[in-house]
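Worksheet: one structure, shown below.
Residue numbers (our numbering): 12 to 135.
Here it is, written out as structure tokens:
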């Protein structure tokens, strides 16, 4: 199998800004319940991806909507599951695309500690 990166939208299209030009707006206005990825699905997804042959290089992209709506505990689980299921000698990379309005000092330190590549969109 040819290596691939995994793109995940853990909060679906949900976002805290509601930019009027966003193509997700129409979809969200008809959604009553805010979709969120459960820990169970997160673990299954990470375990499944890390069981594929990626030449020991696993790349995760976290997007939305706004992925930081999931909170710091979600991203702690991400790293926990990645370390749990990573084959020995693996390299794991995480990229996060965010509007950064919800990033706390704790989150910033965590993303730095685990070397998340953080892209910030200038919206709102």
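In this text, a Cβ means the ideal position worked out from N, Cα and C, and glycines have one as well. From a predicted model like this one, the values you see are computed outputs, not experimental measurements.
- In the three-state reduction of the DSSP assignment, residue 108 falls in the strand class, which pools E and B.
- Comparing C-alpha distances from residue 15 to each of 62, 99, 122 shows the shortest one belongs to 62.
- Collapsing the DSSP output to three states places residue 85 in a helix.
- Going by DSSP, residue 121 is part of the alpha helix (DSSP H) stretching over 116–124.
- In summary, residue 69 is buried, with 16 or more beta-carbon neighbours lying within 10 Å of its beta-carbon over all protein chains present.
- Taking C-alpha positions only, residue 132 is separated from residue 113 by approximately 13 Å.
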